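Number of protein chains: 4
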Amino acid sequence: MNNFGRLFRISIIGESHSDFVGIIIDGVPSGIPLFIEDFEIDLKRRIGGSLGTTPRKEKDIPSITTGIFNKKTTGAPLTILFENNNKRSSDYETYRKIPRPSHVDFVANRKYGGFEDYRGSGHFSGRLTICLVAAGVIAKKILDEIKISSKILSIAGEDPDMGLSLAIAAKDSVGGIVECRAENLPIGLGEPFFDSVESLISHIVFSIPSIRGIEFGVGFEATKLFGSEHNDSIIDLKGKTETNHSGGVVGGITNGNELIFRVAVKPTASTPKSQKSINWQSYEIEEFSIKGRHDLCIALRVPVILEAVTSIVLADLMMIEGKIKRIYEDRNN
Amino acid sequence: MNNFGRLFRISIIGESHSDFVGIIIDGVPSGIPLFIEDFEIDLKRRIGGSLGTTPRKEKDIPSITTGIFNKKTTGAPLTILFENNNKRSSDYETYRKIPRPSHVDFVANRKYGGFEDYRGSGHFSGRLTICLVAAGVIAKKILDEIKISSKILSIAGEDPDMGLSLAIAAKDSVGGIVECRAENLPIGLGEPFFDSVESLISHIVFSIPSIRGIEFGVGFEATKLFGSEHNDSIIDLKGKTETNHSGGVVGGITNGNELIFRVAVKPTASTPKSQKSINWQSYEIEEFSIKGRHDLCIALRVPVILEAVTSIVLADLMMIEGKIKRIYEDRNN
Amino acid sequence: MNNFGRLFRISIIGESHSDFVGIIIDGVPSGIPLFIEDFEIDLKRRIGGSLGTTPRKEKDIPSITTGIFNKKTTGAPLTILFENNNKRSSDYETYRKIPRPSHVDFVANRKYGGFEDYRGSGHFSGRLTICLVAAGVIAKKILDEIKISSKILSIAGEDPDMGLSLAIAAKDSVGGIVECRAENLPIGLGEPFFDSVESLISHIVFSIPSIRGIEFGVGFEATKLFGSEHNDSIIDLKGKTETNHSGGVVGGITNGNELIFRVAVKPTASTPKSQKSINWQSYEIEEFSIKGRHDLCIALRVPVILEAVTSIVLADLMMIEGKIKRIYEDRNN
Amino acid sequence: MNNFGRLFRISIIGESHSDFVGIIIDGVPSGIPLFIEDFEIDLKRRIGGSLGTTPRKEKDIPSITTGIFNKKTTGAPLTILFENNNKRSSDYETYRKIPRPSHVDFVANRKYGGFEDYRGSGHFSGRLTICLVAAGVIAKKILDEIKISSKILSIAGEDPDMGLSLAIAAKDSVGGIVECRAENLPIGLGEPFFDSVESLISHIVFSIPSIRGIEFGVGFEATKLFGSEHNDSIIDLKGKTETNHSGGVVGGITNGNELIFRVAVKPTASTPKSQKSINWQSYEIEEFSIKGRHDLCIALRVPVILEAVTSIVLADLMMIEGKIKRIYEDRNN
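Structure follows, in structure tokens:
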């Protein structure tokens with residue numbers, strides 16, 4: 002379903018080529034100052050235009066249309082919309098006949114009986130990640146002391162610069178690994194069953210298009226270590242550990258050390274290279290290549306999205322633990 | 002919260018040393034034949050006793066106490082309980098003073114203010130995975146044609162036999178990688194936001210103790226491939242792909258090919274090796290070693306648990322799509 | 002939270018004086034033809050302008066902005082927005098100083114710490130019922146054979162015409178009783194715990210502003226009957242009953258007879274009569290009268306809203322039972 | 002589904018004739034002292050045996066089997082079970098052939114395809130209200146200052162004593178009206194959409210078998226009053242109102258005045274009087290009378306159940322507002 006969260010609760014709407022995409026956030030405390038400018042940095046970090054990302058450029062100015070009054074949140078559901086100004090529908094008509102490999106064309110068609118909005122991947126579009134980024138801006142505001150950051154570790158299995166050069170030389174799309182960290186988390190967020198911190202983060206992370214894997218702490222490398230090597234010795238009464246192989250989560254619960262996880266982003270499905278797929282009308286396998294504006298490396302956009310979804314999860318967990326007041330600032334007091 | 006699922010919905014209860022652990026399943030169709038024997042194989046696959054698993058042996062006979070009548074499900078919530086016969090509480094008193102590294106002792110204490118049932122890790126215990134296995138047995142029953150299987154790919158980064166020999170020689174605990182596959186899935190399970198197949202599977206997978214990572218299809222390796230290498234060409238009208246690097250999921254939706262994913266299981270925290278941690282009473286860092294019955298390699302138990310949680314997710318998705326009748330067999334017709 | 006429903010799931014947004022109010026519906030089957038005209042009759046039934054309702058007139062043309070393509074639903078979340086054209090904010094500034102009796106001024110202020118959008122009651126406004134009506138139009142579409150109707154039984158305790166004459170003569174606001182019925186329901190909708198048909202209907206009914214009570218079948222009158230008088234004898238194999246004192250629900254489950262319930266609508270809080278309340282600044286109790294455009298009898302608008310919320314519940318229950326296909330019409334077949 | 006609540010969350014299990022009935026409560030704060038004796042008074046208030054209630058007597062001793070350690074709650078899900086000792090299955094075999102009027106025999110059979118546990122109404126049994134009472138005991142504990150009480154207003158439309166005399170004389174079952182009140186509620190519990198206080202209370206109230214209606218404040222009588230008569234003037238800065246026709250809830254939100262509501266309980270379906278229904282085997286309408294142990298007036302048991310479900314809702318709302326700590330008492334501080 003299009004909702005996520007228990008107390009800080011988001012709902013996502015829109016398609017690549019509808020009038021707008023948007024996000025509704027229920028449970029936002031009242032009294033939080035909120036300006037269009039608050040979104041600027043994170044939206045810019047996500048936007049296309051740099052080497053390896055699509056030249057399609059939306060203006061991406063958020064319209065905060067409900068839940069706000071006199072530049073402050075009211076406590077009512079917050080709606081943030083982004084207009085879709087820059088639509089070129091004609092690019093997509095071709096893929097009605099030949100479903101693109103590793104693209105949603107085929108599954109969307111079968112799931113929705115042919116009624117899906119196929120333009121720009123419709124509701125599956127990476128365009129919707131702008132909504133996650135916007136919700137992340139709100140979440141970050143209420144997380145106060147907690148600092149969340151994210152960076153690209155590798156592109157095409159190489160140092161990011163090297164990886165991108167490879168992609169451009171090969172005229173082929175590439176993927177990458179992105180890491181996210183959160184500092185100053187309180188001990189005790191998360192539940193043993195079924196809402197471990199990893200459960201909630203991975204749930205929302207796999208809503209980001211193109212994610213193929215996630216690992217916490219040392220992750221898959223943990224399987225090569227002995228227990229005595231992997232275990233994190235506790236060295237003070239606040240729970241600080243000597244090493245942080247667990248990535249800040251033990252038993253599904255934050256342990257007060259830095260939260261660390263990494264995600265694998267697959268190479269963009271829309272590679273400029275020639276590919277094969279079946280033509281639904283002729284029943285023949287055809288070779289074709291994808292035109293249009295597409296990111297060569299979608300991983301480049303992922304860091305700010307990853308921060309956003311992590312913030313969304315943490316804001317919810319902080320509210321569940323009663324660590325965030327429902328009234329951010331009380332005018333009556 | 003202790004619930005998972007939308008229509009096929011589980012709730013989990015119990016601690017390592019309470020009278021029993023158990024699972025409640027709501028939404029089970031009525032009229033499914035159900036016998037104690039149905040659980041035997043999967044419970045046996047999970048049980049300790051083999052090389053690398055703990056010698057603690059529970060009898061593990063399920064009591065199906067509600068939702069059943071004349072050996073068939075009634076449509077009311079199903080309750081399955083497992084007695085905890087084999088408790089040795091005394092083992093655990095020590096860890097009240099010295100929280101074990103990478104164990105829940107510390108976080109549970111802080112989260113619950115010192116009131117947690119610390120015996121055998123309480124509600125965090127691996128013992129509770131027996132409940133997941135039991136729910137998996139029910140889920141598998143209603144999944145009919147869909148075949149789910151799981152196997153260990155590596156132990157300690159090596160071939161499983163080799164990895165276990167290493168562990169025994171080193172007298173240290175080890176982890177491993179476990180793979181799960183599901184065949185004959187219909188096209189169209191899962192949602193773009195926020196209930197992708199990967200989102201739901203990873204959500205419940207990270208409820209299994211000791212999981213550190215999950216990847217679908219080629220997973221993290223995807224980040225080293227070009228798009229033209231990674232993409233799966235569609236070669237027939239049923240959506241069969243030439244390769245299956247996507248692991249059967251595109252855009253969060255099953256594409257009719259085999260579902261494939263792998264999880265990283267960390268080395269058991271309770272290694273026999275000497276370790277360091279802080280003593281909460283003396284404030285000093287002490288060296289100590291863990292006694293008691295513990296698995297040297299918890300990954301050995303994971304395959305059947307992984308099948309179970311995957312079945313739980315798939316049963317729910319199949320019900321959501323209306324592909325499983327609420328009355329399994331209608332006596333009135 | 003601002004969501005309701007399990008498979009057919011609505012989220013509501015907006016305030017009386019925000020740019021728009023709107024509703025998001027997740028889980029709508031794909032392939033349903035949808036036109037602006039489909040909303041016309043029900044929106045008109047709800048609109049003000051008749052005797053006893055406010056002269057404020059919105060144009061009330063729905064914008065279906067997401068989840069639709071080529072005039073058919075796509076299966077993605079449907080967003081329906083209504084512009085708020087006819088706002089007169091100045092009316093409301095007064096009530097910041099003197100919270101109106103039986104109005105939300107006071108509770109909203111305390112709940113949201115003074116940051117609530119108080120104009121026109123903000124998110125509490127009766128304006129938001131237009132969203133419920135719109136969702137009802139969609140729900141009715143997928144309910145096919147099921148016929149839902151609603152009518153006013155009494156105004157001010159009298160025959161409706163008489164009751165309104167009384168109100169106009171007295172220059173005071175009045176309430177009323179509204180009944181809703183649904184025919185052709187299948188047997189078996191609803192759950193014993195906690196989602197009985199009455200539970201779900203009353204849950205959403207009490208979201209309609211001004212509702213003070215609800216009763217099913219003979220309702221409160223049942224308390225005056227003997228069991229032998231109240232019981233409904235079953236007279237055929239389809240479950241038809243001789244009488245229908247139960248209003249079509251037994252044990253929380255539809256029994257195949259007509260669903261019947263009634264709601265009590267209180268007199269509009271905004272009566273033209275002089276009233277008393279405390280002035281928050283002077284701390285003195287003042288006498289004042291409410292200006293502005295208000296319904297003398299809000300009950301007049303309730304029938305179509307009641308049909309709508311009933312349809313929403315029934316559509317959800319029908320989907321849960323697998324009685325409504327996720328693809329309304331399959332283009333591929 | 003068999004769950005209710007967002008943070009204080011209950012799941013209900015069992016049938017009249019299964020080994021036990023029970024309730025699971027997730028989200029209970031840790032550190033709450035809990036003894037068997039705590040349940041005694043409320044369980045006794047509910048039990049049969051007095052004039053007008055069934056002579057069936059269960060021992061009704063709660064087994065608190067999970068979530069407790071050293072007589073205090075641990076923060077893990079709490080399980081409370083009640084054995085079903087006093088089962089007489091033979092009574093019920095008859096009703097397989099002739100579904101009792103206004104009883105669940107018919108709908109349960111159709112909903113579950115003939116596989117329902119029909120003994121003693123199975124999962125629909127009034128027996129399960131003992132679980133609600135037990136959860137209410139926990140909820141009351143964490144509600145501290147908030148005082149919840151309930152009483153019978155009328156039986157058979159008369160003063161309670163008179164109503165019962167009538168029933169005994171007529172040898173027929175009767176219903177009644179029960180009122181519930183809660184004092185010392187904070188202002189601001191509840192949400193405008195869709196979780197108004199009335200929405201949540203009515204949702205769970207209609208899970209109690211035999212409830213036919215609910216009204217808040219003056220309820221249906223409100224429809225006979227003018228607005229100027231019905232409105233509650235606010236007379237101090239804490240929101241105290243001169244009258245309390247609204248029953249402590251305005252706009253779905255508690256206003257700090259006493260919460261007041263009433264429910265209509267229908268006459269027990271199992272009247273000793275002769276009745277008619279169709280025989281499923283002969284297809285003929287037969288006259289018959291119900292044997293076995295049944296309450297002449299089920300309303301007599303309702304007060305404590307009503308208090309319980311109200312407490313459950315209020316505990317959840319208090320936790321959502323962050324007014325109840327997740328650790329009831331912190332041992333570490």
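Residue numbers (this note's numbering), protein chains in the order written: chain B, 2 to 334; chain C, 2 to 334; chain Y, 2 to 334; chain Z, 2 to 334. All C-beta atoms, glycine included, are put in the ideal place defined by N, C-alpha and C. As the structure is a computational prediction, the values presented were derived from the model and not from experiment.
Does any residue of chain Y bring its CB to less than 9 Å from the CB of residue i?
i	result
methionine 320 of chain C	yes
Between the options, which has its C-alpha nearest residue i's C-alpha?
i	options	result
aspartate 162 of chain Y	Y:Ala300, Y:Phe217, Y:Tyr284	Y:Ala300
tyrosine 329 of chain B	B:Glu288, B:Ile13, B:Gly23, B:Ser31	B:Ser31
tyrosine 284 of chain B	C:Ile235, C:Ile153, C:Gly76, C:Ser203	C:Ile235
aspartate 317 of chain Y	Y:Arg7, Y:Asn3, Y:Phe217	Y:Arg7
arginine 46 of chain Z	Z:Val264, Z:Lys239, Z:Ser151, Z:Asp145	Z:Ser151
lysine 172 of chain B	B:Gly248, B:Pro63, B:Thr269, B:Arg327	B:Thr269
serine 64 of chain Z	Z:Pro100, Z:Leu35, Z:Ile42, Z:Thr54	Z:Leu35
arginine 294 of chain B	B:Asn86, B:Asn185, B:Ser271	B:Ser271
serine 278 of chain Z	Y:Lys239, Y:Arg263, Y:Gly253	Y:Lys239
glycine 28 of chain Z	Z:Phe125, Z:Glu41, Z:Ala140, Z:His124	Z:Ala140
leucine 44 of chain Y	Y:Val179, Y:Ala309, Y:Lys324, Y:Arg327	Y:Ala309
leucine 307 of chain C	C:Val264, C:Arg327, C:Phe221	C:Val264
phenylalanine 21 of chain C	C:Thr54, C:Asn245, C:Gly123, C:Ile169	C:Gly123
leucine 186 of chain Y	Y:Ala157, Y:Leu144, Y:Glu216	Y:Leu144
At least one CB of chain C closer than 9 Å to the CB of residue i: is that the case?
i	result
arginine 327 of chain Y	yes
leucine 8 of chain Y	yes
threonine 272 of chain B	yes
glutamate 180 of chain B	no
I need the boundaries of the alpha helix (DSSP H) containing residue i, first residue and last residue.
i	result
arginine 46 of chain C	41 to 47
isoleucine 306 of chain Z	303 to 321
isoleucine 202 of chain B	198 to 206
glycine 164 of chain Y	161 to 171
serine 229 of chain Y	228 to 231
I need the boundaries of the beta strand (DSSP E) containing residue i, first residue and last residue.
i	result
serine 278 of chain Z	275 to 279
leucine 154 of chain C	148 to 156
threonine 66 of chain Y	64 to 67
valine 219 of chain Y	No beta strand (DSSP E) holds valine 219 of chain Y; DSSP gives it neither H nor E.
phenylalanine 289 of chain Z	286 to 290
aspartate 27 of chain B	21 to 27
glutamate 184 of chain C	177 to 184
Would you say residue i reaches chain Z, if we count a Cβ-Cβ gap shorter than 9 Å as a contact?
i	result
glycine 252 of chain B	no
tyrosine 119 of chain Y	no
Do residue i and residue j have their CB atoms nearer than 9 Å?
i	j	result
serine 12 of chain Y	isoleucine 25 of chain Y	yes
serine 197 of chain Z	glycine 189 of chain Z	no
glycine 137 of chain C	phenylalanine 83 of chain C	no
threonine 74 of chain C	isoleucine 14 of chain Z	no
glycine 257 of chain Z	lysine 274 of chain Z	no
glycine 176 of chain Y	leucine 165 of chain Z	no
glutamate 180 of chain B	isoleucine 261 of chain B	yes
Looking at the C-beta of residue i, does it have a partner C-beta in chain B at a distance below 9 Å?
i	result
glycine 323 of chain Z	yes
For a minimum of 3 consecutive residues, which ranges assigned as the beta strand (DSSP E) are wholly contained in the segment 77 to 130 of chain C? 79 to 84
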